[in-house]
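If you count the sequence shown from 1, you need to add 34 to reach our numbering. Just so you know, even glycine gets a beta-carbon here, dropped at the ideal spot from N, CA and C. What follows is a set of notes on a single structure, which appears directly below.
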Amino acid sequence: SAESKLRQGITTYLSGEGSSAAPQSEATLSNPPVVDGDTLRWRRYSEYFAIMEQHGIPINVVHDVGLTQVRRVVLGNEDVAPTPEQLEEMKALVSEGMEDGAVGVSTSLIYPPAIYASTEELIALSAVAGEYGGVYFTHMRNESHAVLEAIREALTIGEGAGVPVHIYHLKAAGQRNWPLMDEALALIDSARTAGMDVTADIYPYIRNGIGLGSFLHPRHYARGTGAFLATLGDPDLRARLREEVETDPDWENWYQHVGMDWNNVLIVSAPASVDPGVVNRSVAEAAEVLGTDPWNAFFDLVQAGGVSVNPLSMNEEQKWAALRAPFVMIDTDASPVNPASVSSTHPRAFGAFPRVIAKYVMEDGVITLEEAVRRMTSLAARRLGFEDRGTVEPGMAADLVVFDPARLRDRAEFGANATLQSEGVDYLFVNGELVIDDGELTDAQPGRLLRRTVR
């Protein structure tokens with residue numbers, strides 16, 4: 035279901051942040067989806083697109099080639115560098131995805147196995163995308179104390195590969211790092227002034243969303259996630275890991291980013307093996323549910339795998355600063371979410387775009403309505419390489435939203451109400467067909483798999 039996006043007035047979304055729907059192998063698609071009794075299998079985007087188009091979609095979808103996905107197909111999840119032959123295989127997969135219509139390549143460099151990729155590897159793979167007019171989209175290697183170094187790496191990759199750069203959900207996490215947002219924006223602006231094509235996006239919330247396992251140093255996952263989690267019951271190992279988390283600031287240390295306070299880490303989802311009473315509670319509160327202390331609760335939850343959290347890591351001032359930068363767009367940082375299938379999630383999945391208008395335009399006056407709309411429409415369309423979308427003109431694709439700014443609002447909140455749909459989108463057209471008519475969803479499936487034209 036795409037209702038979580040349609041209710042926000044979204045007609046098109048970009049899928050892929052390191053991981054992506056293609057390429058696939060037998061190993062990476064070991065548990066293929068089943069739809070209407072049919073087991074769906076594919077290897078490349080052309081096959082995946084055909085499946086999607088056969089079933090129909092109500093929203094336009096754009097894809098990139100996730101370099102994490104490419105790494106998994108060729109190298110698996112371990113900390114290894116590709117041989118020259120393996121690098122050529124990886125480049126061929128990128129080329130294949132671009133030939134099929136992807137708009138660029140993407141990375142998620144704080145998560146294993148993406149973190150194991152060198153700058154040189156990323157330049158080589160991004161250069162292939164550049165041959166097709168593609169963009170380098172990046173969740174950078176650091177979003178806190180080393181955010182400036184991470185931006186410089188992204189710029190180095192863009193320059194070395196000859197591609198535009200887009201930085202996903204720009205932020206400066208951790209109170210001591212909040213002042214770095216102004217420097218980050220200045221660094222990007224300086225690169226733009228020098229002639230580089232660089233843009234960024236943000237989501238309008240001061241909590242981020244990550245897996246709880248990210249609170250441990252990524253090097254511990256170098257031999258594979260399963261192998262590491264199997265050792266996590268050892269009390270001595272837990273003691274060493276706790277000391278590292280409490281004392282080492284020289285990595286993306288989310289525990290330190292939340293003020294070293296488990297009350298600032300909200301659990302939003304957990305696997306069936308975990309007591310459901312921990313969901314929508316902080317790790318500190320979950321410890322009481324589990325009858326243990328917060329640190330052992332943390333390790334138990336990490337060992338269970340699949341626990342997602344919303345850490346309180348940012349401030350409003352950095353959101354204001356980013357919104358005032360004309361090259362910053364808006365994102366949800368979320369796939370479509372069916373409220374019936376989750377107990378909770380990050381509210382950005384349901385409310386990011388209306389929140390920008392309701393809070394930052396109508397309430398706070400940070401930017402004008404016209405400028406907010408530009409960030410959500412024409413600026414984003416041009417970033418993705420589509421000249422026929424994003425503005426209201428004769429001959430353009432009829433992706434249109436009709437709303438009253440005074441009534442448009444996000445309703446999703448952190449915790450139990452995170453899946454409440456936004457309100458205020460009266461009519462929504464996708465490719466000229468109504469998908470919301472007088473506030474009600476229709477059954478129309480006019481969405482398209484938008485492909486970048488190879489040039």
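{"Asked": "One question on the structure: do Tyr156 and Leu74 come within less than 8 Å of each other, judged by their Cβ atoms?", "Found": "Just to set this straight, residue 156 is Leu in the shown sequence, not Tyr. No. Outside cutoff."}
{"Asked": "Pull up the distance between the alpha-carbon of Ala486 and that of Gly247, whole angstroms please.", "Found": "Residue 486 is actually Arg in this sequence, not Ala. If I take the Cα positions, the gap works out to 35 Å."}
{"Asked": "If you follow the beta strand (DSSP E) that Pro345 is part of, which residue opens it and which one closes it?", "Found": "Ser342 to Pro345"}
{"Asked": "Quick one: using the 10 Å Cβ neighbour count with 16 as the cut-off for buried, is Gly110 buried or exposed?", "Found": "exposed"}
{"Asked": "Note down the Cα distance separating Val435 from Asp268, rounded to an integer number of angstroms.", "Found": "55 Å"}
{"Asked": "Identify the residues that DSSP records as bridge partners of Ser53: which are they?", "Found": "Glu51"}
{"Asked": "Please state whether DSSP places Ile244 in a helix, a strand or coil.", "Found": "strand"}
{"Asked": "In whole angstroms, give me the CA-to-CA distance for Ile301 and Leu335.", "Found": "10 Å"}
{"Asked": "Have a look at Ala331 and Asp284 and give me their C-alpha separation to the nearest angstrom.", "Found": "25 Å"}
{"Asked": "Just reading off the beta strand (DSSP E) that Leu462 is part of, what are its end residues?", "Found": "Val459 to Val464"}
{"Asked": "Going by DSSP, name the residue or residues bridged to Phe437.", "Found": "Val459"}
{"Asked": "Give the DSSP-derived three-state secondary structure of His254 in the structure shown.", "Found": "helix"}
{"Asked": "Pull the bridge partners of Glu467 from the DSSP assignment, please.", "Found": "Val464"}
{"Asked": "Alpha carbon to alpha carbon, how far is Gln22 from Glu286?", "Found": "Any answer about residue 22 is impossible in this case: the structure gives the chain only from 35 up to 489."}
{"Asked": "Just to confirm before moving on: does the CB-CB distance between Asp98 and Gly50 stay below 8 Å?", "Found": "yes"}
{"Asked": "Please look up how many angstroms separate the CB atoms of Arg382 and Tyr239, rounded, as I've assumed it's under 8 Å.", "Found": "5 Å"}
{"Asked": "When DSSP labels each residue in this structure, what does Tyr170 get in the three-state scheme?", "Found": "strand"}
{"Asked": "Quick one: Cα of Ala261 to Cα of His380, how far?", "Found": "29 Å"}
{"Asked": "Measuring only the C-alpha atoms, how far is Asp282 from Pro213?", "Found": "21 Å"}
{"Asked": "Alpha carbon to alpha carbon, how far is Ala36 from Leu468? Give it in angstroms, no decimals.", "Found": "14 Å"}
{"Asked": "Output needed for Asp216: all residues of its chain with C-beta closer than 7 Å, excluding positions within five of it in sequence on either side, in chain order.", "Found": "Ala355"}
{"Asked": "Would you list the residues sitting across from Glu474 in a DSSP beta bridge?", "Found": "Asp471"}
{"Asked": "Report yes if the CB atom of Arg482 is closer than 8 Å to the CB atom of Glu457, and no otherwise.", "Found": "no"}
{"Asked": "Could you give the first and the last residue of the continuous beta strand (DSSP E) run that contains Ile301?", "Found": "Val299 to Ser303"}
{"Asked": "Please state whether DSSP places Asp490 in a helix, a strand or coil.", "Found": "Given that the chain is displayed from residue 35 to residue 489, the structure contains no residue 490 and the question cannot be resolved."}
{"Asked": "For my contact list, Thr233 and Met363 are in at a C-beta cut-off of 8 Å; report their separation, rounded to the angstrom.", "Found": "7 Å"}
{"Asked": "Within 10 angstroms of its Cβ, does Thr117 collect 16 or more other Cβ (buried), or is it exposed?", "Found": "exposed"}
{"Asked": "My assumption, with CB atoms under 8 Å, is that Asp433 sits in contact with Val464. Please give the rounded CB distance.", "Found": "6 Å"}
{"Asked": "Tell me which residues share the same chain as Val199 and place their Cβ nearer than 6 Å to its Cβ, disregarding the 5 neighbours each side in the sequence.", "Found": "Tyr170, Ala188, Gly192 and Val232"}
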